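Below is one structure, written out as structure tokens; comments come after it.
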Amino acid sequence: MNTTELPRCHVCRKGQLLPSTTTREFKPRGQTVRVELLASVCNHCGKETIRAKQHDENLKRLADRKHRDEYKGLLLGEEILALRHRYGLTQQAAAKIFGKTNITFSRYEHEVTYPDESTTMLLRLAIEMPEALRRLADQAGEPVPLWQERCEDRRMTLHPLPSAPAQLRVVEQMDVLTSVGSIEAPDGAWMQEAA
Ligand SMILES: [Zn+2]
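Position one of the sequence shown corresponds to residue 38 (this note's numbering), numbered consecutively onward.
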């Protein structure tokens, strides 16, 4: 390997970053699912970091596990986290809305445990139908901080500007649809571990 092409370590500024991997393990329904994640390790100080490109690839690999048989019917921790972030809810508020304790909700997001079938149904309903989330939040007496913003997103989808070209309208709708199911790393937990 030609070491002159390797990026320099930002920690010690002496070594160079060599590609390495870490493995993250998940236990959906008690079965082991391993995802190999990319990282970089310094050949001088030994510090492990994750570069931006590696981070993007890692997110893709994490999202892909959704298609594995072990996950059939289950929500990823990232999907639950994305729902909460989408509406600006704290973990405490989300726990109250779905009738769970803070600790339980945190465990769902980090996939320490998985929601039971009825909770999964409720979460999926809230992901797919904003009104359902609103209703549950109202019942729990919890405000939805980003409700207005999300309503405005949807108005853009339902009533595109009349002057907008037809193709642009389709793209806008697709953007909104894909953002609903967007994947986020669970509070960057694995990034912190590697730092
Ligand atoms: Zn270093």
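Ideal Cβ positions, reconstructed from N, Cα and C, are used throughout, including at glycine. Predicted, not measured: the structure shown is a model, and the values here were computed from it.
Is any heavy atom in ligand 1 found nearer than 8 Å to the beta carbon of residue i?
{"i": "Arg50", "result": "yes"}
{"i": "Cys46", "result": "yes"}
{"i": "His122", "result": "no"}
{"i": "His104", "result": "no"}
{"i": "His147", "result": "no"}
{"i": "His92", "result": "no"}
{"i": "Cys188", "result": "no"}
{"i": "Lys84", "result": "yes"}
Taking the alpha carbon of residue i as the point to measure from, which residue in the options has its own alpha carbon closest?
{"i": "Glu179", "options": "Glu148, Leu126, Lys84 and Val72", "result": "Leu126"}
{"i": "Leu183", "options": "Leu162, Ser155, Ala130 and Ser143", "result": "Ala130"}
{"i": "Thr60", "options": "Leu54, Gln53, Arg71 and Ala163", "result": "Arg71"}
{"i": "Leu159", "options": "His147, Leu112, Ile140 and Val149", "result": "Leu112"}
{"i": "Leu55", "options": "Gly67, Leu75, Phe63 and Arg105", "result": "Leu75"}
{"i": "Lys64", "options": "Glu107, Thr157 and Ile117", "result": "Glu107"}
{"i": "Thr58", "options": "Leu120, Leu118, Asn95 and Ser155", "result": "Asn95"}
{"i": "Lys90", "options": "Glu168, Leu120 and Pro44", "result": "Pro44"}
{"i": "Ala15", "options": "Arg88, Lys137 and Arg161", "result": "Coverage of the chain is limited to positions 38 through 232, which leaves residue 15 absent and any answer about it impossible."}
{"i": "Glu62", "options": "Asp93, Thr150, Arg123 and Thr156", "result": "Thr150"}
{"i": "Thr157", "options": "Asp93, Glu186 and Gly136", "result": "Gly136"}
{"i": "Arg123", "options": "Arg102, Arg144 and Arg171", "result": "Arg171"}
{"i": "Arg105", "options": "Arg66, Glu186, Ile117 and Tyr145", "result": "Arg66"}
{"i": "Gln33", "options": "Arg88, Lys109, Arg144 and Glu42", "result": "Outside the displayed range of the chain (38 to 232) lies residue 33, so it cannot be described from this structure."}
Can you give me the Cβ contacts of residue i inside the same chain, cut-off strictly under 6 Å, excluding the 5 residues immediately before and after it?
{"i": "Thr86", "result": "Ser77"}
{"i": "Phe142", "result": "Gln128, Ala131 and Ala132"}
{"i": "Ala174", "result": "Ile134 and Val181"}
In chain order, what residues of the same chain lie with their CB nearer than 8 Å to the CB of residue i, ignoring the 5 residues before and after it?
{"i": "Cys49", "result": "Cys79, His81, Cys82 and Lys84"}
{"i": "Met211", "result": "Reliability fails at Met211, whose pLDDT of 45 lies under 50, so the model's placement of it is uncertain and the value that follows must be treated cautiously. Answer for Met211: no residue qualifies."}
{"i": "Arg235", "result": "The structure shown does not extend to residue 235, since the chain is modelled only from 38 through 232, so no value can be given for it."}
Near residue i, what residues of its chain come up, given a Cβ to Cβ distance below 7 Å and the 5 sequence neighbours on each side ignored?
{"i": "Ala226", "result": "Note that Ala226 scores a pLDDT of 39, beneath 50, so its modelled location is shaky; the value from the coordinates is reported in the next line. Result list for Ala226: His147, in chain order."}
{"i": "Cys46", "result": "Gly52, Gln53, Leu54, Cys79, His81, Cys82 and Lys84"}
{"i": "Ile117", "result": "Tyr145, Glu146 and Leu160"}
Where are the alpha helix (DSSP H) runs, 4 residues long or more, that stay fully inside the region 61-105, in chain order?
89-101
Complete runs of the alpha helix (DSSP H) confined to the region 134-209 [at least 4 residues]
139-146, 154-165, 167-177 and 184-195
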